[in-house]
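Quick note on numbering: the working numbering labels position 210 of the sequence shown as 235, and the sequence is numbered without any gaps.
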Amino acid sequence: MDTRSLGSTGLRVSAISLGCMGMSDFYGPADEAESIATIHAALDAGITLLDTGDYYAAGHNELLIARALQGRNRDQVGISVKFGLLRAPGGQVVGVDGRPAAVKSSLAYTLRRLGTDHVDVYRLGRVDPAVPIEETIGAIAEMAQAGYVRHVGLSEVGADTVRRAHDTHPIADLQIEYSLLSRGIEDEILPTCRELGIGITAYGVLSRGLLSGQWSAEREVTATDFRATAPRFTGENLEQNLVLVESLRAIGDAKGATVAQLAIAWVLSRGEDIVPLVGARRRDRLTEAVGALELELNSDDLAAIERAVPRGAAAGDRYHAPQMASLDSER
(Lines of atoms letter the chains of each structure in order from A; the text may use other names.)
(Lines give C-alpha, C1' and ligand atoms only; values in the text may rest on other atoms or scores of the structure.)
Protein backbone atom coordinates (compact mmCIF):
# COMPACT_ATOMS: atom_id res chain seq x y z
CA MET A 26 0.00 0.00 0.00
CA ASP A 27 1.36 3.40 -0.98
CA THR A 28 1.34 6.09 1.70
CA ARG A 29 0.86 9.84 1.65
CA SER A 30 1.60 12.65 4.10
CA LEU A 31 -1.41 14.52 5.39
CA GLY A 32 -0.14 18.00 6.06
CA SER A 33 3.10 18.91 7.78
CA THR A 34 2.40 17.71 11.32
CA GLY A 35 3.87 14.24 10.78
CA LEU A 36 0.71 12.33 9.88
CA ARG A 37 1.40 9.71 7.21
CA VAL A 38 -1.37 7.35 6.14
CA SER A 39 -2.28 4.87 3.43
CA ALA A 40 -3.05 6.42 0.02
CA ILE A 41 -6.69 5.36 0.46
CA SER A 42 -8.52 5.48 3.78
CA LEU A 43 -11.76 3.82 4.89
CA GLY A 44 -14.84 5.82 5.83
CA CYS A 45 -17.02 3.81 8.20
CA MET A 46 -20.13 6.02 8.44
CA GLY A 47 -22.30 3.93 6.11
CA MET A 48 -21.74 0.87 8.26
CA SER A 49 -23.99 2.45 10.90
CA ASP A 50 -25.93 5.40 9.54
CA PHE A 51 -27.38 7.49 6.71
CA TYR A 52 -27.29 4.83 3.95
CA GLY A 53 -29.94 2.45 5.27
CA PRO A 54 -29.43 -0.97 6.87
CA ALA A 55 -25.96 -2.51 6.87
CA ASP A 56 -24.69 -5.99 7.71
CA GLU A 57 -22.65 -5.65 10.90
CA ALA A 58 -20.69 -8.86 10.39
CA GLU A 59 -19.83 -7.83 6.84
CA SER A 60 -18.88 -4.36 8.06
CA ILE A 61 -16.39 -5.79 10.55
CA ALA A 62 -15.06 -8.17 7.90
CA THR A 63 -14.60 -5.18 5.59
CA ILE A 64 -12.62 -3.28 8.24
CA HIS A 65 -10.44 -6.37 8.74
CA ALA A 66 -9.91 -6.65 4.98
CA ALA A 67 -8.99 -2.97 4.81
CA LEU A 68 -6.36 -3.35 7.53
CA ASP A 69 -5.01 -6.49 5.88
CA ALA A 70 -4.73 -4.58 2.58
CA GLY A 71 -2.59 -1.94 4.28
CA ILE A 72 -5.18 0.77 4.91
CA THR A 73 -4.06 2.63 8.02
CA LEU A 74 -6.74 5.27 8.56
CA LEU A 75 -10.35 4.66 9.61
CA ASP A 76 -12.77 7.58 9.71
CA THR A 77 -15.80 7.86 11.97
CA GLY A 78 -17.93 10.35 13.88
CA ASP A 79 -19.32 10.14 17.39
CA TYR A 80 -22.73 11.12 15.98
CA TYR A 81 -22.90 8.26 13.49
CA ALA A 82 -25.88 6.35 14.91
CA ALA A 83 -25.24 7.90 18.33
CA GLY A 84 -21.91 6.19 18.92
CA HIS A 85 -22.71 2.88 17.23
CA ASN A 86 -20.02 3.42 14.59
CA GLU A 87 -17.32 3.94 17.20
CA LEU A 88 -18.42 0.80 19.04
CA LEU A 89 -18.35 -1.11 15.76
CA ILE A 90 -14.78 0.00 15.09
CA ALA A 91 -13.78 -0.96 18.62
CA ARG A 92 -15.08 -4.49 18.04
CA ALA A 93 -13.30 -4.70 14.70
CA LEU A 94 -9.99 -3.65 16.26
CA GLN A 95 -10.03 -6.22 19.04
CA GLY A 96 -6.85 -8.25 18.77
CA ARG A 97 -5.28 -5.77 16.35
CA ASN A 98 -2.21 -3.60 16.98
CA ARG A 99 -3.69 -0.21 17.83
CA ASP A 100 -0.45 1.56 16.97
CA GLN A 101 -0.78 0.44 13.35
CA VAL A 102 -4.27 1.90 12.94
CA GLY A 103 -5.10 5.59 12.73
CA ILE A 104 -8.58 6.66 13.81
CA SER A 105 -10.05 9.97 12.67
CA VAL A 106 -13.09 11.16 14.65
CA LYS A 107 -15.57 13.97 14.04
CA PHE A 108 -17.67 15.39 16.86
CA GLY A 109 -20.11 18.21 17.50
CA LEU A 110 -23.29 17.39 15.60
CA LEU A 111 -26.26 16.97 17.94
CA ARG A 112 -28.79 14.24 17.15
CA ALA A 113 -32.33 13.74 18.43
CA PRO A 114 -33.65 10.25 19.34
CA GLY A 115 -35.25 10.04 15.90
CA GLY A 116 -31.90 10.66 14.24
CA GLN A 117 -32.50 14.26 13.19
CA VAL A 118 -29.56 16.65 13.36
CA VAL A 119 -30.69 19.37 15.78
CA GLY A 120 -27.59 21.52 16.15
CA VAL A 121 -23.83 21.80 16.50
CA ASP A 122 -21.81 22.24 19.67
CA GLY A 123 -18.23 23.43 19.34
CA ARG A 124 -17.81 24.83 22.86
CA PRO A 125 -14.54 23.92 24.59
CA ALA A 126 -16.43 21.99 27.28
CA ALA A 127 -18.23 19.99 24.57
CA VAL A 128 -14.89 19.22 22.91
CA LYS A 129 -13.55 17.64 26.06
CA SER A 130 -16.78 15.86 27.01
CA SER A 131 -17.28 14.43 23.52
CA LEU A 132 -13.70 13.20 23.44
CA ALA A 133 -14.10 11.46 26.80
CA TYR A 134 -17.06 9.45 25.51
CA THR A 135 -15.29 8.70 22.23
CA LEU A 136 -12.23 7.30 24.00
CA ARG A 137 -14.46 5.08 26.13
CA ARG A 138 -16.47 3.77 23.17
CA LEU A 139 -13.37 3.13 21.07
CA GLY A 140 -11.53 1.51 23.98
CA THR A 141 -8.41 3.56 23.34
CA ASP A 142 -6.35 6.20 25.11
CA HIS A 143 -6.09 8.53 22.12
CA VAL A 144 -7.51 9.39 18.73
CA ASP A 145 -5.19 10.13 15.84
CA VAL A 146 -7.17 13.00 14.31
CA TYR A 147 -9.94 14.91 16.07
CA ARG A 148 -12.14 17.43 14.30
CA LEU A 149 -15.39 19.37 14.61
CA GLY A 150 -17.85 17.90 12.11
CA ARG A 151 -19.44 21.26 11.23
CA VAL A 152 -18.56 24.77 12.33
CA ASP A 153 -20.58 26.02 15.29
CA PRO A 154 -21.69 29.55 14.30
CA ALA A 155 -22.01 30.50 17.98
CA VAL A 156 -18.43 29.61 18.89
CA PRO A 157 -15.30 31.16 17.34
CA ILE A 158 -13.25 28.47 15.63
CA GLU A 159 -10.25 29.59 17.68
CA GLU A 160 -11.99 28.47 20.88
CA THR A 161 -12.88 25.05 19.49
CA ILE A 162 -9.42 24.44 18.03
CA GLY A 163 -7.83 25.73 21.22
CA ALA A 164 -9.70 23.12 23.25
CA ILE A 165 -8.65 20.33 20.87
CA ALA A 166 -5.08 21.62 21.17
CA GLU A 167 -5.33 21.27 24.96
CA MET A 168 -6.38 17.66 24.50
CA ALA A 169 -3.45 17.15 22.15
CA GLN A 170 -1.06 18.56 24.71
CA ALA A 171 -2.55 16.16 27.26
CA GLY A 172 -1.89 13.22 24.94
CA TYR A 173 -5.49 12.35 24.08
CA VAL A 174 -5.26 13.63 20.49
CA ARG A 175 -2.35 13.16 18.07
CA HIS A 176 -3.38 15.58 15.29
CA VAL A 177 -5.96 18.34 14.88
CA GLY A 178 -8.20 18.33 11.80
CA LEU A 179 -10.99 20.34 10.22
CA SER A 180 -14.17 19.42 8.38
CA GLU A 181 -16.14 21.31 5.71
CA VAL A 182 -14.69 24.75 6.39
CA GLY A 183 -13.90 27.66 4.08
CA ALA A 184 -10.52 29.21 3.37
CA ASP A 185 -10.83 31.96 5.98
CA THR A 186 -11.72 29.47 8.71
CA VAL A 187 -8.81 27.27 7.63
CA ARG A 188 -6.43 30.19 8.20
CA ARG A 189 -7.90 31.12 11.57
CA ALA A 190 -7.78 27.54 12.78
CA HIS A 191 -4.22 27.02 11.57
CA ASP A 192 -3.13 30.22 13.31
CA THR A 193 -4.48 28.73 16.54
CA HIS A 194 -2.82 25.31 16.20
CA PRO A 195 -1.16 23.48 13.28
CA ILE A 196 -3.83 21.62 11.29
CA ALA A 197 -3.02 18.22 9.79
CA ASP A 198 -5.87 17.90 7.32
CA LEU A 199 -9.18 19.20 6.13
CA GLN A 200 -11.87 16.60 5.53
CA ILE A 201 -14.15 17.83 2.76
CA GLU A 202 -16.17 16.51 -0.16
CA TYR A 203 -14.16 16.31 -3.36
CA SER A 204 -15.00 14.31 -6.46
CA LEU A 205 -15.61 14.67 -10.17
CA LEU A 206 -19.08 15.94 -9.27
CA SER A 207 -18.00 18.23 -6.38
CA ARG A 208 -15.03 20.43 -7.24
CA GLY A 209 -15.75 23.66 -5.37
CA ILE A 210 -12.65 23.35 -3.20
CA GLU A 211 -10.43 24.03 -6.22
CA ASP A 212 -11.15 27.80 -6.14
CA GLU A 213 -9.93 28.91 -2.72
CA ILE A 214 -9.96 26.08 -0.20
CA LEU A 215 -7.47 23.71 -1.81
CA PRO A 216 -4.94 26.48 -2.69
CA THR A 217 -5.16 27.78 0.90
CA CYS A 218 -4.54 24.34 2.35
CA ARG A 219 -1.55 23.86 0.07
CA GLU A 220 -0.16 27.26 1.03
CA LEU A 221 -0.38 26.31 4.72
CA GLY A 222 0.79 22.71 4.33
CA ILE A 223 -2.57 21.14 5.22
CA GLY A 224 -3.62 17.83 3.66
CA ILE A 225 -7.04 16.87 2.31
CA THR A 226 -9.02 13.77 3.21
CA ALA A 227 -11.57 13.71 0.42
CA TYR A 228 -14.91 12.14 1.25
CA GLY A 229 -17.71 11.53 -1.24
CA VAL A 230 -15.21 10.53 -3.94
CA LEU A 231 -17.94 8.34 -5.45
CA SER A 232 -20.55 11.02 -4.81
CA ARG A 233 -22.34 8.74 -2.34
CA GLY A 234 -22.69 5.96 -4.86
CA LEU A 235 -23.58 7.95 -7.97
CA LEU A 236 -20.09 7.32 -9.35
CA SER A 237 -20.03 3.69 -8.23
CA GLY A 238 -21.32 2.57 -11.61
CA GLN A 239 -23.96 0.58 -9.73
CA TRP A 240 -26.70 3.19 -9.38
CA SER A 241 -29.79 3.26 -11.59
CA ALA A 242 -33.00 5.25 -11.83
CA GLU A 243 -34.92 2.12 -10.82
CA ARG A 244 -32.97 1.46 -7.64
CA GLU A 245 -35.15 1.25 -4.55
CA VAL A 246 -33.88 3.24 -1.58
CA THR A 247 -35.08 2.77 2.00
CA ALA A 248 -36.55 5.61 4.03
CA THR A 249 -33.48 5.63 6.30
CA ASP A 250 -31.17 6.23 3.33
CA PHE A 251 -30.78 10.00 2.94
CA ARG A 252 -30.22 9.54 -0.80
CA ALA A 253 -33.93 8.85 -1.16
CA THR A 254 -34.51 12.61 -1.23
CA ALA A 255 -31.01 14.00 -1.89
CA PRO A 256 -31.03 16.51 -4.79
CA ARG A 257 -28.58 14.63 -7.00
CA PHE A 258 -30.48 11.36 -6.65
CA THR A 259 -33.98 12.48 -7.58
CA GLY A 260 -35.96 13.28 -10.72
CA GLU A 261 -34.31 14.89 -13.71
CA ASN A 262 -31.16 15.54 -11.71
CA LEU A 263 -30.57 11.82 -11.37
CA GLU A 264 -31.20 11.23 -15.05
CA GLN A 265 -28.64 13.88 -16.03
CA ASN A 266 -26.08 12.59 -13.54
CA LEU A 267 -26.42 9.01 -14.77
CA VAL A 268 -25.62 10.24 -18.30
CA LEU A 269 -22.32 11.52 -16.91
CA VAL A 270 -21.67 8.15 -15.32
CA GLU A 271 -22.15 6.38 -18.63
CA SER A 272 -19.65 8.72 -20.24
CA LEU A 273 -17.14 7.69 -17.59
CA ARG A 274 -17.99 4.03 -18.07
CA ALA A 275 -16.86 4.21 -21.69
CA ILE A 276 -13.48 5.62 -20.60
CA GLY A 277 -13.13 3.02 -17.87
CA ASP A 278 -13.97 0.17 -20.21
CA ALA A 279 -11.17 1.27 -22.53
CA LYS A 280 -8.72 1.04 -19.63
CA GLY A 281 -10.10 -2.15 -18.12
CA ALA A 282 -11.37 -0.25 -15.08
CA THR A 283 -14.74 0.29 -13.44
CA VAL A 284 -16.44 3.66 -13.10
CA ALA A 285 -15.66 3.65 -9.38
CA GLN A 286 -11.97 2.95 -9.97
CA LEU A 287 -11.79 5.73 -12.53
CA ALA A 288 -13.42 8.20 -10.13
CA ILE A 289 -11.10 7.25 -7.26
CA ALA A 290 -8.02 7.34 -9.49
CA TRP A 291 -9.00 10.83 -10.64
CA VAL A 292 -9.05 12.07 -7.03
CA LEU A 293 -5.70 10.36 -6.39
CA SER A 294 -4.30 12.18 -9.43
CA ARG A 295 -5.14 15.61 -8.02
CA GLY A 296 -2.11 15.64 -5.73
CA GLU A 297 -0.02 13.69 -3.24
CA ASP A 298 -1.56 15.77 -0.46
CA ILE A 299 -5.03 14.31 -1.10
CA VAL A 300 -6.21 11.01 0.40
CA PRO A 301 -9.54 9.60 -0.85
CA LEU A 302 -11.86 8.45 1.91
CA VAL A 303 -13.69 5.43 0.48
CA GLY A 304 -16.98 4.47 2.13
CA ALA A 305 -16.99 0.76 1.28
CA ARG A 306 -19.39 -1.30 3.36
CA ARG A 307 -18.59 -4.65 1.74
CA ARG A 308 -15.38 -6.49 0.98
CA ASP A 309 -16.02 -6.66 -2.76
CA ARG A 310 -16.48 -2.89 -2.93
CA LEU A 311 -13.32 -2.42 -0.89
CA THR A 312 -11.34 -4.66 -3.24
CA GLU A 313 -12.63 -2.64 -6.18
CA ALA A 314 -11.63 0.63 -4.51
CA VAL A 315 -8.13 -0.54 -3.65
CA GLY A 316 -7.75 -1.59 -7.29
CA ALA A 317 -7.85 2.09 -8.22
CA LEU A 318 -4.30 2.39 -6.89
CA GLU A 319 -3.12 0.30 -9.83
CA LEU A 320 -4.85 2.53 -12.38
CA GLU A 321 -2.51 5.03 -14.00
CA LEU A 322 -4.13 7.99 -15.70
CA ASN A 323 -2.05 9.76 -18.35
CA SER A 324 -2.69 13.23 -19.70
CA ASP A 325 -4.95 11.90 -22.44
CA ASP A 326 -7.02 9.96 -19.90
CA LEU A 327 -7.39 13.02 -17.69
CA ALA A 328 -8.43 15.15 -20.65
CA ALA A 329 -11.03 12.57 -21.65
CA ILE A 330 -12.41 12.51 -18.11
CA GLU A 331 -12.64 16.31 -18.09
CA ARG A 332 -14.59 16.23 -21.35
CA ALA A 333 -16.92 13.53 -20.03
CA VAL A 334 -17.56 15.27 -16.71
CA PRO A 335 -16.55 18.92 -16.93
CA ARG A 336 -16.49 20.91 -13.72
CA GLY A 337 -19.99 22.00 -12.75
CA ALA A 338 -21.68 19.29 -14.80
CA ALA A 339 -23.43 17.68 -11.81
CA ALA A 340 -27.16 18.33 -11.59
CA GLY A 341 -28.36 19.26 -8.11
CA ASP A 342 -26.56 20.30 -4.94
CA ARG A 343 -24.80 17.76 -2.77
CA TYR A 344 -27.15 18.47 0.17
CA HIS A 345 -30.59 19.99 0.65
CA ALA A 346 -30.72 23.79 0.81
CA PRO A 347 -30.76 24.12 4.64
CA GLN A 348 -27.72 21.83 4.94
CA MET A 349 -25.88 23.69 2.19
CA ALA A 350 -26.56 26.97 3.99
CA SER A 351 -25.02 25.58 7.17
CA LEU A 352 -21.72 24.65 5.50
CA ASP A 353 -18.88 27.05 6.22
CA SER A 354 -17.17 25.67 3.11
CA GLU A 355 -20.00 26.90 0.87
CA ARG A 356 -20.04 30.51 2.04
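Virtual Cβ for every residue (Gly too), placed ideally from N, Cα, C.
- The three-state reading of DSSP puts His65 in helix, counting H, G and I together.
- Fully contained in the stretch 174 to 222 are the following beta strand (DSSP E) runs of length 3 or more, in chain order: 174 to 180 and 198 to 202.
- Put simply, the stretch 77 to 95 touches the stretch 106 to 121. At least three CB pairs are less than 8 Å apart.
- According to the DSSP secondary-structure assignment, Tyr147 is paired through a beta bridge with Val106 and Val177.
- 8 Å or more divides the Cβ of Ser272 from the Cβ of Val315.
- Here DSSP, grouped into helix, strand and coil, assigns Thr28 to strand.
- Excluding residues up to 5 positions away in sequence, Tyr52, Arg233, Gly234, Val246 and Phe258 lie with their Cβ nearer than 8 Å to the Cβ of Arg252 in the same chain.
- Under a 10 Å Cβ-count criterion, Thr249 is classified as exposed, with fewer than 16 other Cβ atoms of the shown protein chains found around its own Cβ.
- The beta carbons of Asp142 and Arg175 sit about 11 Å from each other, so the pair does not count as a contact at 8 Å.
- In the DSSP assignment, Thr161 falls within the unbroken alpha helix (DSSP H) covering Ile158 to Gln170.
- The C-alpha of Ala328 is placed about 46 Å away from the C-alpha of Pro125.
- In this structure, Val177 sits away from Tyr203, with a CB-CB distance that is not shorter than 8 Å.
- Only buried fits Arg151, as 16 or more other CB atoms lie within 10 angstroms of its CB.
- Of all C-beta pairs linking the stretch 207 to 221 to the stretch 266 to 284, fewer than three are shorter than 8 Å, placing the two stretches out of contact.
- In the three-state reduction of the DSSP assignment, Ile299 falls in the strand class, which pools E and B.
- About 5 Å separates the beta carbon of Thr63 from that of Leu311, a gap short enough to meet the 8 Å contact definition.
- CA-to-CA, the gap between Ala339 and Leu149 works out to about 28 Å.
- In the three-state reduction of the DSSP assignment, Ala329 falls in the helix class.
- Taking 8 Å as the cut-off, the beta carbon of Thr161 is found no closer than this to the beta carbon of Gly120.
- Going by DSSP, Ala279 is part of the alpha helix (DSSP H) stretching over Gly260 to Lys280.
- Here Leu43 is not near Val300, since their CB atoms are 8 Å or more apart.
- Residue state for Val292 is assigned as helix, using DSSP reduced to three classes.
- Take the alpha-carbon of Gly238 and the one of Val230: they are about 13 Å apart.
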